[in-house]
Amino acid sequence: MAAAVRLRPTTLRGSLVYRLPGPHAPFSDSIADFISPHALASPDYILLGDLNFHLEQNNDPNTTTLLDNLANIGLKQLVNTATHIAGHTLDPIFSASKHVFFSHTSALHWTDHSCVHFTFRRETRHLRTQPISRRQWNKIPEEQLFSALAVNQPTLTTDPNDAALSLSNWISNCADNLAPLRRTHQQASTKKPLWFSDTLKESKKTCRALEKAWRKDHTADNMTALKNATREHHHLIRAAKRNFFTDRLDKNSHNSRELFSIIKEFSNPNANANAVTPSQDFCNSLATFFHRKISDLHNSFGHQTQPSITEPTPKPSPSTTGPTSTLKKPKPP
């Protein structure tokens, strides 16, 4: 049995499975095929039930096969205590979610199994809002604006200060009557990347301060300091990204779904970026580079025969080859 519960902003999906005592091999081979569509549909997924596997026996090949099959799709066993009166762990909780935690077990008087409790911590998003004030001029008809400007026109005077004050009051009164200021709150849409640390924040502040100082006096010392700070800031960014993704790869070495998502981030860093078509010279240089790498690998392994490296020749342009005829020559009789 499978079910899904919508808990904004997340969706908790789960499956309840019961397996009759018997052969382990068919169940171990088919459980991953049954769970995969549900587990990949949502990161917050749990597998519950009575599997009749002694999961506390790590040296049991049947248990090892089951745990390996579920680990391949990112599911981890959370229950670390006995759930049966005989001291076996038969009722597990498998999940790949970081919001699901095993709590405890409690005895039931009408069965030999224990009640397994778990906790699901729903993640809430608190976005900062900033107040803004604006006039809704787009809702004012053009005729109404012209008629309002025709009434109570500014006083004509030869004094520039009085003329400017009269014009300002005339426009302000018209704007307040037609489209008064309204205060609204706009949600902040910017979100910092996970690898952005406090060290990078301070480094960015330093670069901005040096940039302001250089724009103020344009001295060579401030320019040198700005270049050094910018170079150090870029170095810290590369180190932070490298450490962040290295830790993610190490922590999810058995989570294929998370590994595929990391690879997707590497292959598509910015989906909105304009795709740049590489030139023919760039492709030829890339092919030459890999040919030489393969040759170096053969030499390092001590192979007698080396692959022949042929430099790619550029494709002749139509303007240099001249016109060609597409008509077929008639066959001789």
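Sequential numbering from 1 applies to the sequence shown in full-length UniProt numbering. All C-beta atoms, glycine included, are put in the ideal place defined by N, C-alpha and C.
Original post:
Measuring CA to CA, which of 180, 200, 226 and 55 is closest to residue 211?
Top reply: Taking the first residue of the sequence shown as 1, we reach residue 211 at position 211. The candidate whose alpha carbon is nearest that of residue 211 is 226.
Original post:
By how many angstroms is the C-alpha of residue 93 removed from the C-alpha of residue 120?
Top reply: Position 120 of the sequence shown, counted from the first residue, corresponds to residue 120. Position 93 of the sequence shown, counted from the first residue, corresponds to residue 93. Cα-Cα distance, rounded: 12 Å.
Subject >> Three or more C-beta pairs below 8 Å linking the segment 12-19 and the segment 37-53 >> reply: yes
**OP:** Assign residue 290 to one of two classes, buried (16 or more other C-beta atoms within 10 Å of its C-beta) or exposed (fewer than that).
**Re:** The sequence position of residue 290 within the sequence shown is 290, counting from 1. Answer is exposed; the Cβ neighbour count stays below 16.
Original post:
With distances taken between CB atoms, is the gap from residue 45 to residue 103 smaller than 8 Å?
Top reply: Here the question's residue 45 lines up with position 45 in the sequence shown. Here the question's residue 103 lines up with position 103 in the sequence shown. No, the Cβ-Cβ distance between residue 45 and residue 103 is not below 8 Å.
**OP:** Ignore the nearest five residues each way along the sequence and tell me which others in residue 56's own chain have a CB closer than 6 Å to its CB.
**Re:** Here residue 56 refers to the residue found at position 56 of the sequence shown. Closer than 6 Å at the Cβ level, and outside the excluded window around residue 56, lie 89.
Original post:
Who pairs with residue 49 in a beta bridge, going by DSSP?
Top reply: Start at 1 with the first residue of the sequence shown, and residue 49 comes out as number 49. According to DSSP, residue 49 bridges with 17.
**OP:** Express the C-alpha separation of residue 77 and residue 10 in angstroms, rounding to a whole number.
**Re:** Mapped onto the sequence shown, residue 10 falls at position 10. Mapped onto the sequence shown, residue 77 falls at position 77. The alpha-carbon atoms of residue 10 and residue 77 are separated by roughly 21 Å.
Subject >> residue 74 burial status per 10 Å Cβ neighbour count (16 or more: buried) >> reply: By 1-based counting over the sequence shown, the position of residue 74 is 74. Buried, since its Cβ has 16 or more Cβ neighbours within 10 Å.
Original post:
Does the Cβ-Cβ distance between residue 112 and residue 85 come in under 8 Å?
Top reply: In the sequence shown, residue 112 corresponds to position 112, counting from 1. In the sequence shown, residue 85 corresponds to position 85, counting from 1. Closer than 8 Å, so yes.
**OP:** Sort 208, 207 and 222 by Cα distance to residue 214 and report the nearest one.
**Re:** On the sequence shown, position 214 is the one that residue 214 refers to. The candidate whose alpha carbon is nearest that of residue 214 is 222.
Original post:
In three-state terms, what does DSSP make of residue 132?
Top reply: Sequence index remark: in the sequence shown, residue 132 carries index 132 (1-based). Strand at residue 132.
**OP:** Give the DSSP-derived three-state secondary structure of residue 82 in the structure shown.
**Re:** To locate residue 82, count along the sequence shown from 1; it is residue 82. Coil.
**OP:** Could you tell me if residue 66 is buried or exposed, where buried requires 16 or more neighbouring beta carbons within 10 angstroms of its beta carbon?
**Re:** Translated into the one-based positions of the sequence shown, residue 66 becomes position 66. It is buried - the Cβ of residue 66 has at least 16 other Cβ atoms within 10 Å.
**OP:** Please state if the CB of residue 72 and the CB of residue 32 are separated by a distance shorter than 8 Å.
**Re:** Taking the sequence shown and counting its residues from 1, one reaches residue 32 at position 32. Taking the sequence shown and counting its residues from 1, one reaches residue 72 at position 72. Their beta carbons are under 8 Å apart, which means residue 32 touches residue 72 by this criterion.
**OP:** Kindly indicate which residue of 234, 42, 138 and 167 has the alpha-carbon position closest to the one of residue 257.
**Re:** Locating residue 257 in the sequence shown gives position 257, where the first residue counts as 1. Of the candidates 234, 42, 138 and 167, the one whose C-alpha sits nearest the C-alpha of residue 257 is 42.
Subject >> Secondary structure of residue 76, DSSP reduced to three states >> reply: Taking the first residue of the sequence shown as position 1, residue 76 is located at position 76. In the structure shown, residue 76 sits in a strand (DSSP, three-state: E or B).
Original post:
So what's residue 183 in DSSP terms, helix, strand or just coil?
Top reply: If you number the sequence shown from 1, residue 183 lands on position 183. In the structure shown, residue 183 sits in a strand (DSSP, three-state: E or B).
Original post:
Does the Cβ of residue 283 have 16 or more other Cβ atoms within 10 Å, making it buried, or fewer, making it exposed?
Top reply: Position 283 of the sequence shown, counted from the start, is the residue given in the question as residue 283. The residue is exposed, with fewer than 16 neighbouring Cβ atoms inside 10 Å.
Subject >> Host beta strand (DSSP E) of residue 102 (start-end) >> reply: Within the sequence shown, the letter at position 102 stands for residue 102. From DSSP, the beta strand (DSSP E) with residue 102 extends over 100-107.
Subject >> Start and end residues, beta strand (DSSP E) containing residue 120 >> reply: As a first step, residue 120 is located in the sequence shown; it is residue number 120 there, counting from the start. That run of the beta strand (DSSP E) goes 114-120.
Original post:
Between which two residues does the alpha helix (DSSP H) harbouring residue 214 extend?
Top reply: Along the sequence shown, read from residue 1 onward, the residue named residue 214 stands at position 214. Counting along the chain, the alpha helix (DSSP H) containing residue 214 begins and ends at 198-217.
Subject >> 6 Å CB neighbourhood of residue 238 in its chain, flanking five on each side removed >> reply: Residue mapping note: residue 238 aligns to position 238 of the sequence shown, counting from 1. If we look at residue 238 and ignore the five residues flanking it on each side, it has no Cβ neighbours.
Subject >> Beta bridge counterpart(s) of residue 94 as assigned by DSSP >> reply: Locating residue 94 in the sequence shown gives position 94, counting from the first residue. DSSP lists 47 and 77 as partners of residue 94.
**OP:** Might you give, ordered along the chain, the residues of its own chain that have their beta carbon closer than 6 Å to the beta carbon of residue 230, omitting 5 neighbours on each side?
**Re:** The sequence position of residue 230 within the sequence shown is 230, counting from 1. Excluding residues within five positions, the ones whose Cβ falls inside 6 Å are 207.
Original post:
With contact counted as at least three CB pairs below 8 Å, one residue from each stretch, are the segment 190-204 and the segment 170-182 in contact?
Top reply: no
Original post:
Hey, residue 148 and residue 197 are a contact pair by Cβ (cut 8 Å); roughly how many whole angstroms apart?
Top reply: As a first step, residue 148 is located in the sequence shown; it is residue number 148 there, counting from the start. As a first step, residue 197 is located in the sequence shown; it is residue number 197 there, counting from the start. The pair is not a contact, with the Cβ atoms about 54 Å apart (cut-off 8 Å).
**OP:** Using only alpha-carbon positions, find the residue among 158, 159, 153 and 180 that is nearest to residue 167.
**Re:** One-based indexing of the sequence shown puts residue 167 at position 167. The residue with the shortest Cα to Cα distance from residue 167 is 153.
**OP:** Could you tell me the distance, in whole angstroms, from the CA atom of residue 145 to the CA atom of residue 184?
**Re:** Position 145 of the sequence shown, counted from the first residue, corresponds to residue 145. Position 184 of the sequence shown, counted from the first residue, corresponds to residue 184. Residue 145 and residue 184: Cα-Cα distance of roughly 24 Å.
Subject >> For residue 296 and residue 285, the rounded distance between their alpha carbons >> reply: Position 285 of the sequence shown, counting from 1, holds the residue named residue 285. Position 296 of the sequence shown, counting from 1, holds the residue named residue 296. Distance between the alpha carbons of residue 285 and residue 296: 17 Å.
Original post:
Taking the Cβ atom as the reference point for each residue, do residue 335 and residue 105 lie within a distance shorter than 8 Å?
Top reply: With the chain covering only 1 through 333, there is no way to say anything about residue 335.
Original post:
Roughly how many angstroms lie between the CA atoms of residue 139 and residue 171, to the nearest whole one?
Top reply: On the sequence shown, residue 139 is found 139 positions in, with the first residue counted as 1. On the sequence shown, residue 171 is found 171 positions in, with the first residue counted as 1. Cα to Cα, residue 139 sits roughly 18 Å from residue 171.
Original post:
Which runs of the alpha helix (DSSP H), 4 residues or longer, sit entirely within the segment 139-177?
Top reply: 142-150
Subject >> Three-state class that DSSP yields for residue 33 in the structure shown >> reply: Within the sequence shown, the letter at position 33 stands for residue 33. Residue state, collapsed to three classes: helix.
**OP:** Note down the Cα distance separating residue 79 from residue 242, rounded to an integer number of angstroms.
**Re:** Here residue 79 corresponds to residue number 79 of the sequence shown, with the count starting at 1. Here residue 242 corresponds to residue number 242 of the sequence shown, with the count starting at 1. Straight-line Cα distance between these residues: approximately 33 Å.
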